[in-house]
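Numbering (the working numbering), first residue to last: 5 to 357.
Reviewing the structure listed below.
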């Protein structure tokens, strides 16, 4: 597994190199102080993964990611930075373009958290060394769906859940700008750093008039349609049900076993544990967190829909669903938005909690 390091801090590059060089299966091929130098280094020695800071002179992490994606380069980007709400626009844009993931710099220099940072960093890098799933078409994948050729979908679920990771923001925007008043409660679970929820929500609904926006929640799931609950980033999450209250419980990701936050598989499992069935839409993502949980709901009677892998920026997450043969629908994000709007607006008498 070949890795490149990009940071204007020589100290930070040294720390990252020491961590990664301790792993026998990771080769740090080169270092660069900014994005311009990284592009040159990668042209000479292409790597599987670039680990980059966000804020750098001349060419920052977002510009580097943009150039890599526009140049159709196979190299992925993991962003390590001191994430702050005021820099949220760049983080959200990096999510849209297809950053592989995000890790906070806050643990560097803190001996209490450095071991956890080391574990997470190596786990992320090894993730990209996994054998990639083969390209579509799959033997068991459904026919590419359109509104015209998709039959009537009947849902018995309590919630509609949209999940995604790297590269999922564009499709998510396209879907949510159409599906603003569904008759089902909608939950959005996408991997992102902590404290990015407000920036993400504002980005998604920037072109939707305020009187047309759904009722937005972060810590609970209402018992009605026309609502969207976003899972908070940077935290482990699970659904709880006490009396009339359906709440999202969060805990620090530092104490969890997952390198992904929110942890989608565990969240979907928690929904089943308290008796709630979900229909799941799987969007772009380089990891497979959420796939097992989505298939569990499928086995229990939920609908499973997946973004067409040919249009996904990151293919591992939707490809794993397509390869399973369990998807009811595979569609482009535009067609998916229309299919969801039709399906979940149609059944006024459907079971709502």
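Just so it is clear, CB atoms sit at the ideal spot from N, CA and C, and this is done for glycine as well.
For residue i, the residue or residues it bridges with in DSSP
i           : result
residue 254 : 241
residue 224 : 251
residue 229 : Looking at the DSSP assignment, residue 229 forms no beta bridge with any residue, so it has no partner.
residue 106 : 83
residue 283 : 164
residue 193 : 167
residue 234 : 192
residue 6   : 31
residue 310 : 286 and 334
residue 246 : 249
residue 184 : The partner list for residue 184 (beta bridge, DSSP) is empty, contrary to what the question assumes.
Other residues of its chain near residue i: CB distance less than 6 angstroms, five sequence neighbours each side excluded
i           : result
residue 317 : 102, 171 and 288
residue 217 : 209
residue 139 : Note that residue 139 scores a pLDDT of 43, beneath 50, so its modelled location is shaky and nothing firm can be said.
residue 237 : 196, 197, 198 and 200
residue 188 : 164, 229 and 348
residue 21  : 32
residue 419 : The chain is shown from 5 up to 357; residue 419 falls before or after that span and cannot be answered.
residue 62  : 38 and 40
residue 259 : Its pLDDT being 46, under 50, residue 259 is placed unreliably by the model, and the measurement read from it follows with that caveat. Cβ neighbours of residue 259 beyond the five flanking positions: none.
residue 17  : 9, 11 and 35
residue 116 : Low confidence applies to residue 116: its pLDDT is 46, below 50, so where it sits in the model is not reliable enough to give any reading.
residue 91  : none
Beta-carbon contacts of residue i that lie in its chain and below 7 angstroms, excluding the five residues immediately before and after
i           : result
residue 261 : Reliability of the predicted coordinates at residue 261 is poor, the pLDDT of 49 falling under 50, and the value obtained from them is presented with this limitation in mind. Excluding positions up to five away in sequence, the list is empty.
residue 142 : Confidence is the limiting factor: at residue 142 the pLDDT is only 47, short of 50, which leaves the residue's position unreliable, though a coordinate-based value still follows. The residues are 326 and 327.
residue 242 : 253, 270, 271 and 274
residue 345 : 182 and 183
residue 178 : 337, 338 and 341
residue 313 : 140, 319, 322, 323 and 326
residue 305 : 160 and 281
residue 211 : 181
Residue from the options with nearest C-alpha to residue i
i           : options               : result
residue 121 : 304, 247 and 23       : 23
residue 132 : 325, 5 and 83         : 5
residue 303 : 322, 272 and 323      : 272
residue 56  : 91, 7 and 292         : 7
residue 25  : 312, 98, 125 and 86   : 125
residue 264 : 123, 186 and 341      : 123
residue 93  : 76, 73, 59 and 119    : 59
residue 307 : 188, 201, 158 and 234 : 158
residue 215 : 21, 185, 127 and 169  : 185
residue 14  : 29, 38, 27 and 28     : 38
residue 191 : 174, 107, 45 and 286  : 286
residue 280 : 310, 245 and 309      : 245
residue 109 : 11, 180 and 27        : 11
residue 161 : 127, 276 and 176      : 276
residue 71  : 312, 106, 212 and 98  : 98
residue 82  : 305, 203 and 65       : 65
residue 292 : 267, 233 and 174      : 267
residue 174 : 40, 43 and 96         : 96
residue 234 : 257, 247, 330 and 180 : 180
residue 310 : 300, 332, 301 and 290 : 332
residue 330 : 84, 69, 28 and 301    : 301
residue 2   : 85, 335 and 154       : The question about residue 2 has no answer, for the chain in this structure spans 5 to 357.
residue 105 : 127, 312 and 202      : 127
residue 239 : 256, 16, 231 and 232  : 256
residue 28  : 129, 206 and 294      : 129
Own chain residues within Cβ distance below 8 angstroms of residue i, not counting five before or after
i           : result
residue 137 : At residue 137, the pLDDT of 47 sits below 50, so the modelled position is not reliable; the number obtained from the coordinates is stated separately. Same-chain partners within the cutoff: 319, 320, 323, 324 and 327.
residue 73  : 101, 102 and 317
Whole-number beta carbon distance between residue j and residue i, since they are thought to touch under 8 angstroms
i           : j           : result
residue 220 : residue 193 : Contact flag wrong, Cβ pair sits at about 15 angstroms.
Spell out a yes or no on whether the region 48 to 62 and the region 26 to 35 are touching, meaning 3 or more CB-CB pairs, one atom from each, closer than 8 angstroms.
Here the region 48 to 62 makes contact with the region 26 to 35; the two share three or more CB pairs at distances below 8 angstroms.
Report yes or no: do three or more beta-carbon pairs, one from the region 218 to 228 and one from the region 245 to 252, lie closer than 8 angstroms?
Using a C-beta cut-off of 8 angstroms, the region 218 to 228 makes contact with the region 245 to 252, since at least three inter-stretch Cβ pairs fall below that distance.
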